[in-house]
Amino acid sequence: MADFTELSKATMVSMTGFLNFYPMLKVCINNITVPFSLLSIAFFLVSIIISNGPTSLAADNFTQCLVEPHYRDLTTTEIVYYPTNSSYTSIFQSSIQNLRFFSPSTPGPLAIVTPVDEPQIQVALGCARDFAVQVRIRGNGHDMEGLSYRSPVPFLLIDLRNFCGITIDVANRTAWVEAGVTVSELYYRIAEKSSALGFPGSTWPSVGIGGFLSGGGYGTLMRKYGLGADNVIDIRFMDTTGNIYNDKQSIGADVFWAVRGGIASNYGIVLAWQIKLVHVPATVTVFNVRRTLEQNATNLVHKYQTFAPNTNRNLFIRARITPENLNTERHMSRPICKHRGFYSTLIKM
């Protein structure tokens, strides 16, 4: 078993300024706080990262590290993209959700690696470590702050889009899901095998399973089955030096706890997740109720606040406030409140 303290020490020694260790530590769940030792490790790593950006010459040498013979099984243009490649921009922007990051002012990576197997990830990590280049790990890039594909210093982007395997075990109600799978792909594969099983995934189908689970995982089934991270059984994990751990026993309880809500790329790379599948009904009813302020939207929101926490756990209900454009020339808008839930529990206005 790998002790978390020993793993962290090894990480600090060997990873001078290279991996995504910004202090986005674990989401507070059930009032569990992050130990001070974890915070001190994170801040120490951040200080190392900022002070060890590569020089121009080092960046050039770094890009040379990624070419043959490391990728002798594939031409480098199939998995490694440089700013001079015609596909570089489309690959980089392919999963960006926040339009502000389409701007030319958003710095791109020194290179994008889209590995197809684990040894290629190990080579990319080794090159970044040797030349003190930061790394960003992107599953599907759905995060609105761009933390998985932006950096203030030169960096390497490892895009896990090719890690898209899904294995469903209906008998045991489990599944193994690789890091590049989207939630919609997971839903589809589960439905192929069983109409009675599902997973507490996100409300947006384009969310990547890796970022979803490592960030905690809020979704439509959370009132009944908890967060997505609560339904993780096991992981396959690669640490910052490229060592692979096949299960949670080998990586240790602390790391297994940390990657389920503490942003996995703070600690390494989760290559695959084993998840628990849950029972779902064959028929689900969905509705929206829209109200403006002129239509007593405030009254609806007030009733929602007292009703939602105590209603049946089989009901997912939420209120959203969104703008409605009234005059595009004068940029006028008004809020619209939406009430979502099951028809028999509609709150009377």
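Every number in my numbering is 3 more than the matching position in the sequence shown, counting from 1.
No residue lacks a Cβ here, since even glycine has one placed at the ideal position from N, Cα and C.
Distance from the CA atom of Thr117 to the CA atom of Ile161, rounded to whole angstroms, is 6 Å.
Each of Thr244, Val258, Thr243 was checked against the Cα of Asp250, and the nearest Cα belongs to Val258. Setting aside the 5 residues that flank it on each side, Val235 is surrounded in the same chain by Leu216, Arg263, Trp276, Gln277, Ile278, Lys279, each with a C-beta closer than 8 Å to its C-beta; the list follows chain order. In this structure, Arg164 lies near Ser98, with their beta-carbon atoms less than 9 Å apart. Inclusion of Gly142 and Gly183 in the CB contact set at 9 Å is warranted, their separation being smaller than that value.
Counting other Cβ atoms within 10 Å of its Cβ, Thr185 reaches 16 or more and is therefore classed as buried. Remark: three or more beta-carbon pairs, one from each stretch, lie closer than 8 Å, so the region 120 to 137 and the region 145 to 161 are flagged as touching. Here the C-alpha atom of Glu181 lies approximately 8 Å from the C-alpha atom of Gly213. Asn269 is classed as buried because its beta carbon has at least 16 other beta carbons within 10 Å across all chains shown. Between Met225 and Gly231, the C-beta gap is smaller than 9 Å, which places the two residues in contact.
A buried status is given to His145, since no fewer than 16 other beta-carbon atoms sit within 10 Å of its beta-carbon.
Rounded to the nearest whole angstrom, the C-alpha separation of Glu297 and Tyr307 is 18 Å. Taking the CA atoms as reference points, Leu274 sits about 11 Å from Asp237.
Secondary structure of Arg192 (DSSP, three-state): helix. Annotation for Gln96: the continuous alpha helix (DSSP H) segment containing it runs 91 to 96. One Cα belongs to Gly201, the other to Cys68, and the distance between them is close to 43 Å. Excluding its 5 nearest sequence neighbours in each direction, Gly245 has C-beta neighbours in its own chain below 6 Å: Gln125, Leu128, listed in chain order.
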